[in-house]
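Q: Counting from 22, one number per residue, gives the positions in the sequence shown under this note's numbering. Glycine included, every Cβ here is placed at the ideal spot set by N, Cα and C. Since the structure is predicted, the reported quantities are computational estimates derived from the model, not experimental observations.
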Amino acid sequence: MLIIGEKINVMSMTIGPAMKNRNPKPIQDMAMTQVGAGANILDINIGPARKNGPEVMEWVVKTVQEAVNVTLCLDTTNAEAMEAGLKVCKKQPIINSASGEPNRLETMMSLAAKYEACVIGLTMTETGIPRDANERIAIAVDIMAKMAEKGVPMEDLYLDPLILPIAVAQEQAQEAIEAIKMFRQLNDPPLKTVVGLSNISNGVPVETKPLLDRTYLAMLATVGLDAAIADPLDKELMDVAKTVNILRNEVLYCHSYLD
Ligand code: THG
Numbered sequence: 022m023l024i025i026g027e028k029i030n031v032m033s034m035t036i037g038p039a040m041k042n043r044n045p046k047p048i049q050d051m052a053m054t055q056v057g058a059g060a061n062i063l064d065i066n067i068g069p070a071r072k073n074g075p076e077v078m079e080w081v082v083k084t085v086q087e088a089v090n091v092t093l094c095l096d097t098t099n100a101e102a103m104e105a106g107l108k109v110c111k112k113q114p115i116i117n118s119a120s121g122e123p124n125r126l127e128t129m130m131s132l133a134a135k136y137e138a139c140v141i142g143l144t145m146t147e148t149g150i151p152r153d154a155n156e157r158i159a160i161a162v163d164i165m166a167k168m169a170e171k172g173v174p175m176e177d178l179y180l181d182p183l184i185l186p187i188a189v190a191q192e193q194a195q196e197a198i199e200a201i202k203m204f205r206q207l208n209d210p211p212l213k214t215v216v217g218l219s220n221i222s223n224g225v226p227v228e229t230k231p232l233l234d235r236t237y238l239a240m241l242a243t244v245g246l247d248a249a250i251a252d253p254l255d256k257e258l259m260d261v262a263k264t265v266n267i268l269r270n271e272v273l274y275c276h277s278y279l280d
């Protein structure tokens, strides 16, 4: 299970102002803390970045790369900002994300082809969020068709069923699990899958949030989830991820596997 650290986010009280003021320290500290906690990949979420998007993304990517040497997952709907970030990534980056919305799909897949980037395919469209696993599959097929057209290899795709908050769409937690099972069957070898794990606990009491995230990660792991955008500073969550790696026979067991 790959953990994509979610904490470099414009919404964060410490990171947002640091991005705005081009203050590298809080961003580099957060990068090192997440990698130290076991994050395999870091998400760089600058939001829609309507003001100076390209400049902000280029600066944040360079700033993070001065501190850590991991794969970066660039999270913005601003195509110019995405391209500016892709240009300066040292390792093969991940585009977060393309969706079924035709313009965004075209733009992000063209960028994936041009920069040989991996891409997260988010199964939603301009008409809204998917209602069930079948709607998610229909969008996934559109995403795959556009990849084939642009010549992006299927192994560079991570499909994301779009996790919805348990507090507002309770039945969707199980639908997303069904979608992961079905996504994997769309290709041989199976397509890779990813989720934004913390979406599940948006808006729940703080005491409940970590248990929801940890339990849902274990449930998703049983159907073959490859990666989760999540909070690596939750040690118990990281322990669940390590235990999953043992139980799925991906890492060799030893008594001290948690250390
Ligand atoms: N799929 C994909 N990308 C995504 C998501 C997804 N990117 C955004 C989001 N969903 C995943 N990332 C985050 C990042 C931060 C938080 C939640 C999801 C978050 N952070 C802090 C917290 O935990 O309280 C605080 C942020 C704040 O100050 O509000 O909540 O589904 N492909």
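Compute the minimum distance between the beta carbon of residue 215 and the heavy atoms of ligand 1, and state whether it is under 8 Å.
A: Yes, since a heavy atom of ligand 1 falls inside the 8 Å radius drawn around the Cβ of residue 215.
Q: Buried or exposed: which applies to residue 197, given that a residue is buried once 16 or more other Cβ atoms fall within 10 Å of its Cβ?
A: Flag for residue 197 reads buried.
Q: For residue 100, which residues from the same chain have a beta carbon less than 6 Å from its beta carbon, with the 5 sequence-adjacent residues on both sides left out?
A: Contacts found: 128.
Q: Is any heavy atom of ligand 1 found at a distance shorter than 8 Å from the C-beta of residue 223?
A: Within the cutoff, so yes.
Q: What are the uninterrupted segments assigned as alpha helix (DSSP H) that are 4 or more residues long and contained completely in the stretch 198-273, given in chain order?
A: For the stretch 198-273, whole alpha helix (DSSP H) runs of length 4 or above, ordered along the chain, are 230-243, 256-268.
Q: Going by the beta-carbon positions, is the gap between residue 48 and residue 85 smaller than 9 Å?
A: Result yes, Cβ atoms of residue 48 and residue 85 sit closer than 9 Å.
Q: Consider the C-beta atom of residue 62 and the heavy atoms of ligand 1; say whether any pair is separated by less than 8 Å.
A: Incorrect: residue 62 has no Cβ contact closer than 8 Å to ligand 1.
Q: With residue 119 as the anchor, note down where its beta strand (DSSP E) starts and where it stops.
A: Start and end: 115-120.
Q: Given a threshold of 16 other Cβ atoms within 10 Å of its Cβ, counted over all protein chains shown, does residue 218 qualify as buried or as exposed?
A: Residue 218 is buried by the Cβ-count criterion.
Q: Work out the CA separation of residue 162 and residue 30 for me, nearest whole Å.
A: About 30 Å.
Q: Could you check if residue 256 belongs to the surroundings of ligand 1, using beta carbon to heavy atom distance under 8 Å?
A: No - ligand 1 has no heavy atom lying nearer than 8 Å to the Cβ of residue 256.
Q: Among the residues of its own chain, which have a CB less than 7 Å from the CB of residue 266, if the five just before and after it don't count?
A: If we look at residue 266 and ignore the five residues flanking it on each side, its Cβ neighbours are 22, 272.
Q: Which of the three DSSP states is assigned to residue 29 in this structure?
A: If DSSP states are grouped into helix, strand and coil, residue 29 belongs with the strands.
Q: What I want to know is whether the C-beta of residue 122 ends up closer than 8 Å to one or more non-hydrogen atoms of ligand 3.
A: No copy of ligand 3 occurs in the structure displayed; its ligands are ligand 1 alone.
Q: Could you tell me which residues DSSP puts in a beta bridge with residue 278?
A: DSSP lists no partner for residue 278.
Q: With a floor of 3 residues, list each beta strand (DSSP E) that falls wholly inside the stretch 39-124, ordered by position along the chain.
A: The qualifying runs are 62-66, 92-96, 115-120.
Q: If you check the beta carbons only, do residue 142 and residue 180 fall under 9 Å apart?
A: In contact: residue 142 and residue 180 (Cβ atoms closer than 9 Å).
Q: Let me know the alpha helix (DSSP H) ranges lying completely inside the stretch 116-197, each 4 residues or longer, listed in chain order.
A: Entirely contained in the stretch 116-197, the alpha helix (DSSP H) runs reaching 4 residues are, in chain order, 123-136, 154-171.
Q: Can you tell me which of 98, 97, 124, 89 puts its alpha carbon nearest to the alpha carbon of residue 111?
A: It is 89 whose Cα lies nearest to the Cα of residue 111.
Q: Just to check, is the beta-carbon of residue 263 closer than 8 Å to a non-hydrogen atom of ligand 1?
A: Not under cutoff, so the answer is no.
Q: Is residue 220 near ligand 1 - that is, is its Cβ less than 8 Å away from at least one heavy atom of it?
A: Residue 220 Cβ: within cutoff of ligand 1.
Q: Is residue 27 near ligand 1, with its Cβ less than 8 Å from a heavy atom?
A: Yes, Cβ of residue 27 sits closer than 8 Å to a heavy atom of ligand 1.
Q: Just to confirm, is the Cβ distance from residue 134 to residue 102 under 9 Å?
A: No; because the gap between Cβ atoms is not below 9 Å, this pair is not in contact.
Q: State the Cα-Cα distance for the pair residue 226 and residue 170, rounded to the nearest angstrom.
A: Cα to Cα, residue 226 sits roughly 45 Å from residue 170.
Q: Assuming residue 27 and residue 190 form a contact by the criterion Cβ under 8 Å, report the distance between their Cβ atoms to the nearest whole angstrom.
A: Wrong, their Cβ atoms sit about 20 Å apart, outside the cutoff.
Q: From the DSSP secondary-structure annotation, give me the bridge partner or partners of residue 24.
A: In DSSP, residue 24 forms a bridge with 249.
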